[in-house]
Amino acid sequence: HMTWGRRIARSLSKYKWYYPNRDVRAEYEKNLAKTDEEKTRALDFVEVVPPSLDMAWSYFEHITLPRYLVNHKSDKDQFERAQPGRFDVETRLYPVWGTPESELADFGIGVGIYFYMLRVLTVIMLIA
737 HMTWGRRIAR
747 SLSKYKWYYP
757 NRDVRAEYEK
767 NLAKTDEEKT
777 RALDFVEVVP
787 PSLDMAWSYF
797 EHITLPRYLV
807 NHKSDKDQFE
817 RAQPGRFDVE
827 TRLYPVWGTP
837 ESELADFGIG
847 VGIYFYMLRV
857 LTVIMLIA
């Protein structure tokens, strides 16, 4: 599963104004396909790996953003928080609108209290 931001970035990455290193990365990948003999003859082969926008987004989604373990045995989503960078089991991003308030305790007690307070203040403002 990809975030909408990553999908937008993928569609914009074909433009030079959004991803200036696009041509450098393509040239690097083309040189990787050459044999060792061709690499020694090519003076323009770059030893430094140029940045990849897609790899950066993948890192952001799997390390930075919180994910939960997918349980295929249960029909209901049980949100057990996955460790950052866990690739041996299937994980998904926490849904923005579908995460129950009780599961927000995985992020610390302050996050759960904040959203509870937000709900209470909303009810107070609607009554007042």
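Here the sequence shown is numbered in this note's numbering, starting from 737 and rising by one per residue. We treat Cβ as the ideally placed atom computed from N, Cα and C, and that holds for glycine. None of the values given here were measured: they were computed from a predicted structure.
Give me the Cβ distance between residue i and residue j, rounded to the nearest whole Å; I'm assuming they're in contact under 8 Å.
i, j, result
"Gly-821", "Ile-799", "5 Å"
"Arg-722", "Trp-793", "Past the boundaries of the shown model lies residue 722; the chain is included only from 737 to 864, so the question cannot be answered."
Under the criterion of a Cβ to heavy atom distance below 6 Å, does residue i qualify as lining the ligand GTP?
i, result
"Arg-743", "For the structure depicted, the ligand GTP is absent and the ligand set is empty, with no information on it obtainable."
Could you check the C-alpha separation between residue i and residue j for me, to the nearest Å?
i, j, result
"Ala-745", "Phe-843", "28 Å"
"Ser-838", "Val-856", "15 Å"
"Leu-768", "Leu-748", "25 Å"
In or out: residue i buried (at least 16 other Cβ within 10 Å) or exposed?
i, result
"Leu-840", "buried"
"Phe-815", "buried"
"Tyr-804", "buried"
"Tyr-733", "What is shown of the chain runs 737 to 864, which leaves residue 733 out entirely."
"Thr-827", "buried"
Residues in the same chain with beta-carbon distance under 6 Å from residue i, minus the five sequence neighbours each way, listed in chain order, please.
i, result
"Pro-802", "Tyr-830"
Let me check one thing: in DSSP terms, what residues is residue i bridge-paired to?
i, result
"Val-854", "Sequence check: residue 854 is Leu here, not Val. Paired residue(s): none; Leu-854 is not in a bridge."
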